[in-house]
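*Asks:* The sequence shown begins at 1 in full-length UniProt numbering and counts up by one. Heads up, the beta-carbon is just placed ideally off N, CA and C, and yes, glycines get one too. Given the structure is predicted, the values throughout are model-derived calculations rather than measurements.
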Amino acid sequence: MTLIPDPNRIIQTIAKLGTKKATKYAFIGAGYTLLVGGPIYYVLTSVKSHAKTKEQNNASANKQKEIECISECKMQEEGQTHDHRMEENEQVHEHHMEEIEAKKNADIEILVKRAELRKERDVAKANQPLVDLHLNSIPESYHEAVKNGTVHVSRERTLGFSWLREGYDTGLVGPTDCGKSVFVMQVAMALARGRCDVNLSSEWHDIPPMPVVMFSLEQSNHEIREYYGSVIDNLSTLKLYAGSRITPAHIITVIKEEMEKAGDSGVVAIIDNYTKLEERAGVKAMRQFCADLDCLRQQGLEKGSPLTPLKVYHAKSDWKLSSPLTPASVRGDKKNVCFTNNFLYLTYCKQGSDKRVLGFMKLKHGNKEAVSILEFAGTKIDQFRYVGKGGSNDLGEPTEPSEESGDNKVGPGRKSKYSLEEVMGFYNKVQAKECTYKDIERNYGISRSAIRKRVYRARIAHDVHG
1 MTLIPDPNRI IQTIAKLGTK KATKYAFIGA GYTLLVGGPI YYVLTSVKSH
51 AKTKEQNNAS ANKQKEIECI SECKMQEEGQ THDHRMEENE QVHEHHMEEI
101 EAKKNADIEI LVKRAELRKE RDVAKANQPL VDLHLNSIPE SYHEAVKNGT
151 VHVSRERTLG FSWLREGYDT GLVGPTDCGK SVFVMQVAMA LARGRCDVNL
201 SSEWHDIPPM PVVMFSLEQS NHEIREYYGS VIDNLSTLKL YAGSRITPAH
251 IITVIKEEME KAGDSGVVAI IDNYTKLEER AGVKAMRQFC ADLDCLRQQG
301 LEKGSPLTPL KVYHAKSDWK LSSPLTPASV RGDKKNVCFT NNFLYLTYCK
351 QGSDKRVLGF MKLKHGNKEA VSILEFAGTK IDQFRYVGKG GSNDLGEPTE
401 PSEESGDNKV GPGRKSKYSL EEVMGFYNKV QAKECTYKDI ERNYGISRSA
451 IRKRVYRARI AHDVHG
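Structure follows, in structure tokens:
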């Protein structure tokens, strides 16, 4: 309790005692007050300070407990999250191990099946009868064959033309648009008739009409009908397959059927052209096709029903007209080209634009240097005729001007439905991206290859004649 002095009593006391005594007692009272009140004040202040410090300490302790509680909760949450993650990882690991185990079991099953199949094959081989396991199984030598009379006179024959040998794989290669299709169609008709109405060589070896099957990938049935008409309608020995749907498997199937029907007379199979077939089917498929075709050829020779393939090839675009053709000039896979035994070439001739050079690149038997000059015969349908012997110096661009300058043909070659100006208009539209080749073919009936050939031919004519 705070003591507040009464002012009236102080004044009355000063009046009774006087000024000096009042002052003396005042100093004594002040000293007493300090002596007694100082410790009391100190005690009170200390108690108050201690209480405040205790309160602050309590607050700090509470804060620390709160922090510790929050930290503990957070650690518990992290622990739960970690446990959950570890559980998930364990499940994933178990699933992965199950997959590995399943794959391992599957591989083991495959190995077991392979082992079983191998055992079955070994047992089957072991149970096979022992055939020819004696001295007579040794291949017969040449001298023994002569002595035993088992060597027969070769029955190899020439099929009409000196360069076409029965039972041999023959190839014809040449640059674009030089008349390869015209040439092989003329060959096909001559073989199917058993005679050559327009001579293609200096001599013709007589043969009876024989079965010929021709696969034309660059022409349609409609085009063949338009170009050749009734000339081939009555040729029952000539079978034509045309269009873009021809496949290697289709060719093999047809040839097998024709060989079974033909018997001893054999079959000539013409593929026009092989390069186009390889572009469509692919190199891998064509390797199998060549192997199958060669197998049929070998079987035909053994059975006495020979198969004579005649394949048409394109020359490489970088081949120069003045250079002699070689097998390296053929466009396509070299492994497939190697199946061909005999190689001919048909190319442009320096003597004139209507003349061609026919020669040998490679020939299994006979003269490899035989070269002849052909020219368009001017017949109702496009055909060549033999002019005379030639040489490698006849190869090259024509030196004589042609009667046509790349426009609509009125002489040799196929008749075009559209003029050169119209074809150039189609070409320029495609180059300007106004339309595509498919649009042109759909609307006008002229293919991309036909347009490009006409343009190429026109450019060659322009370069030659200035």
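For residue 243, collect the residues of the same chain with a Cβ closer than 6 Å to its Cβ; drop the 5 residues on either side in sequence, then sort them by chain order.
*Replies:* Reading the sequence shown from its first residue, position 243 is the one you call residue 243. Here the set comprises 220.
*Asks:* Residues bridged to residue 301 by DSSP?
*Replies:* Along the sequence shown, one-based indexing puts residue 301 at 301. None; residue 301 has no bridge partner.
*Asks:* Roughly how many angstroms separate the alpha carbons of residue 422 and residue 193, rounded to a whole number?
*Replies:* Looking up residue 422 in the sequence shown gives position 422. Looking up residue 193 in the sequence shown gives position 193. Residue 422 and residue 193: Cα-Cα distance of roughly 39 Å.
*Asks:* Might you give, ordered along the chain, the residues of its own chain that have their beta carbon closer than 8 Å to the beta carbon of residue 258, omitting 5 neighbours on each side?
*Replies:* Counting from one through the sequence shown, the residue named residue 258 turns up at place 258. 211, 213, 239, 267, 269, listed in sequence order.
*Asks:* Secondary structure at residue 380, three-state DSSP: helix, strand or coil?
*Replies:* Stepping through the sequence shown from its first residue, residue 380 is reached at position 380. Reduced to three states, the DSSP call for residue 380 is coil.
*Asks:* Is the number of C-beta pairs between the stretch 159-179 and the stretch 337-352 that are closer than 8 Å three or more?
*Replies:* As far as the Cβ criterion goes, the stretch 159-179 touches the stretch 337-352, which means the pair count is three or higher.
*Asks:* Alpha carbon to alpha carbon, what distance is there between residue 85 and residue 75?
*Replies:* Counting from 1 along the sequence shown, the entry for residue 75 is found at position 75. Counting from 1 along the sequence shown, the entry for residue 85 is found at position 85. Rounded to the nearest angstrom, the two C-alpha atoms are 15 Å apart.
*Asks:* May I ask you to report which of helix, strand or coil DSSP gives residue 160?
*Replies:* Locating residue 160 in the sequence shown gives position 160, counting from the first residue. Of the three classes helix, strand and coil, the one that applies to residue 160 here is coil, per DSSP.
*Asks:* Among the residues of its own chain, which have a CB less than 6 Å from the CB of residue 394, if the five just before and after it don't count?
*Replies:* By 1-based counting over the sequence shown, the position of residue 394 is 394. Contacts found: 349, 350, 357.
*Asks:* So what does DSSP say about residue 209, is it helix, strand or coil?
*Replies:* Counting from one through the sequence shown, the residue named residue 209 turns up at place 209. Of the three classes helix, strand and coil, the one that applies to residue 209 here is coil, per DSSP.
*Asks:* Do you know offhand how far residue 510's Cα is from residue 272's?
*Replies:* It is not possible to answer for residue 510, since the shown part of the chain is limited to 1 through 466.
*Asks:* Check the DSSP bridge columns for residue 373 and list the partner residues they point to.
*Replies:* In the sequence shown, the residue the question calls residue 373 occupies position 373. Paired residue(s): 357, 388.
*Asks:* Report the rounded CA-to-CA distance for residue 115 versus residue 218, giving the unit in angstroms.
*Replies:* For the purposes of this step, residue 115 is identified with residue 115 of the sequence shown, where counting begins at 1. For the purposes of this step, residue 218 is identified with residue 218 of the sequence shown, where counting begins at 1. Approximately 51 Å between the Cα atoms of the pair.
*Asks:* Put residue 459 into one of helix, strand or coil per three-state DSSP.
*Replies:* Taking the first residue of the sequence shown as 1, we reach residue 459 at position 459. Note: residue 459 maps to helix in three-state DSSP.
*Asks:* Is it buried or exposed, residue 262, if we count other Cβ atoms within 10 angstroms and call 16 or more buried?
*Replies:* As a position in the sequence shown, residue 262 is number 262, starting the count at 1. Buried: at least 16 other Cβ atoms inside 10 Å.
*Asks:* For residue 361 versus residue 326, is the C-beta distance shorter than 8 Å?
*Replies:* Position 361 of the sequence shown holds residue 361. Position 326 of the sequence shown holds residue 326. Closer than 8 Å, so yes.
*Asks:* Per DSSP, what kind of secondary structure is residue 342 in: helix, strand or coil?
*Replies:* Here the question's residue 342 lines up with position 342 in the sequence shown. DSSP places residue 342 in strand when its eight states are reduced to three.
*Asks:* Enumerate in chain order the residues of its own chain whose CB-to-CB distance from residue 135 is below 7 Å, with the five nearest sequence positions on each side excluded.
*Replies:* Residue numbering aside, residue 135 sits at position 135 when the sequence shown is read from its first letter. At residue 135, the pLDDT of 44 sits below 50, so the modelled position is not reliable and the matter cannot be decided from this model.
*Asks:* So what does DSSP say about residue 413, is it helix, strand or coil?
*Replies:* What you label residue 413 is simply residue 413 of the sequence shown in a count that begins at 1. With a pLDDT of 45 at residue 413, under the threshold of 50, the predicted position of this residue should be treated as unreliable, and no value is reported.
*Asks:* If the criterion is Cβ atoms closer than 8 Å, does the pair residue 309 and residue 170 meet it?
*Replies:* Against the sequence shown, residue 309 aligns to sequence position 309. Against the sequence shown, residue 170 aligns to sequence position 170. Contact flag set, yes.
*Asks:* Kindly indicate which three-state DSSP category residue 216 falls into: helix, strand or coil?
*Replies:* Here the question's residue 216 lines up with position 216 in the sequence shown. Residue state, collapsed to three classes: strand.
*Asks:* Would residue 146 be called buried (16 or more neighbouring beta carbons within 10 Å of its own) or exposed?
*Replies:* Locating residue 146 in the sequence shown gives position 146, where the first residue counts as 1. Burial call: exposed.
*Asks:* Ignoring anything shorter than 4 residues or poking outside the stretch 232-264, list the alpha helix (DSSP H) runs there in chain order.
*Replies:* Runs of the alpha helix (DSSP H) inside the stretch 232-264: 248-262.
*Asks:* With a CB to CB cut of under 8 Å and the five nearest residues on each side skipped, what residues in its chain are close to residue 322?
*Replies:* Position 322 of the sequence shown holds residue 322. Excluding residues within five positions, the ones whose Cβ falls inside 8 Å are 395, 396, 397.
*Asks:* Let me know if residue 278 comes out buried or exposed under the rule of 16 or more other beta-carbons within 10 Å of its beta-carbon.
*Replies:* The residue given as residue 278 occupies position 278 in the sequence shown. Buried, because 16 or more other Cβ atoms sit within 10 Å of the Cβ of residue 278.
*Asks:* Could you spell out the range, first to last residue, of the alpha helix (DSSP H) harbouring residue 439?
*Replies:* For this step, residue 439 is matched to residue 439 along the sequence shown. Residues 437-444.
*Asks:* Report the rounded CA-to-CA distance for residue 130 versus residue 140, giving the unit in angstroms.
*Replies:* Reading the sequence shown from its first residue, position 130 is the one you call residue 130. Reading the sequence shown from its first residue, position 140 is the one you call residue 140. Residue confidence for residue 130 is low, a pLDDT of 44 falling below 50, so the modelled location carries little weight and cannot support an answer.
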